[in-house]
Amino acid sequence: MIITAVALLRGPVIGTVIFSQLKSNPYSDMSIFMEVSTSNDTASKDHGWHVHEYPISSETDTDLSACQSTKGHYNPFKIETSANRKVQNKNFFTDTTSSLAGITSVLGRSLVIHGADRNPDRIACANITSLHQTSARTGNWSGVGSANGRIIFTQNLRRPGLNCQPRCFGIHIFLLSRQTSSRNHSYS
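If you read the sequence shown in this note's numbering, its first letter stands for residue 86, the second for the next number, and so on.
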């Protein structure tokens, strides 16, 4: 079973960041899938992004000063990081020190995206919240006849290979030949 969390960015950087980890082991690797873009379709690069200590404390996450309420970078082990260190952002990667449970949990914290070209200004942020399975159940039938039952919609977010570099993914095409049985089917 996998535990999943999400940060929904609404502007000026928009998109989704999904965090997933084995529910039974908070020390297992946490996979992160990031799909973001700018709302004005302007190309930019080298945006730093980090999990911050606190959730957004304003009424809406589109408030221009909302990102300031998140305080500093979340660094539970006080690992030294240098300002000269260059971090490459990736769409798929694995975090070996954070988790979705226990003392290093990122749940209830926030994700902050900084300005282009390593600018420290906070330009977008979102709270990191649990992503629960959604279900629906039918009520009493009021039409002709009788009916009963249950409908459940679920979506498993299994994404094998997320710790792989994006360049190792590819499209594989397998050509299948048509086979006919002894009944001699015809195809039109």
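Backbone N, C-alpha and C fix where the C-beta goes; we use that ideal spot for every residue, glycine too.
Asked	Found
Unbroken beta strand (DSSP E) run spanning A209, endpoints	R207 to S215
Among A209, L94, S231 and A186, nearest to Q153 - alpha-carbon criterion	A209
Counted within 10 angstroms of its Cβ, other Cβ atoms place S105 as buried (16 or more) or exposed	buried
Through-space distance from A151 to S142, alpha-carbon basis	7 Å
First through last residue of the beta strand (DSSP E) which encompasses T123	M115 to T123
CA-to-CA distance, N233 to S227, given in whole angstroms	11 Å
Residue interval of the beta strand (DSSP E) (run including D180)	F177 to D180
Span separating the alpha-carbon of G246 from that of P161	Confidence is the limiting factor: at G246 the pLDDT is only 48, short of 50, which leaves the residue's position unreliable, though a coordinate-based value still follows. Distance between the alpha carbons of G246 and P161: 27 Å.
V229, buried or exposed, once every other Cβ within 10 Å from all chains shown has been counted against 16	exposed
Bridge partners - I99, DSSP secondary structure assignment	R95 and S122
Cα-Cα separation, H158 to M86	29 Å
For S195, the first and last residue of its enclosing beta strand (DSSP E)	S195 to H199
Residue from D114, L93 and W134 with nearest C-alpha to G200	W134
Nearest-angstrom Cβ-Cβ length linking E211 and L107, presumed shorter than 8 Å	In the sequence under discussion, the amino acid at residue 211 is Ala, which differs from the Glu named in the question. The Cβ separation is near 24 Å, so there is no contact.
Cross-strand partners of H132 (DSSP beta bridge)	In DSSP, H132 forms no bridge with anything.
Beta-carbon proximity check, I88 vs V121, cutoff 8 Å	no
Local Cβ density within 10 Å of V102, reported as buried at 16 or more and exposed below that	buried
Buried or exposed by the 16-neighbour rule on C-beta atoms within 10 Å, applied to T182	exposed
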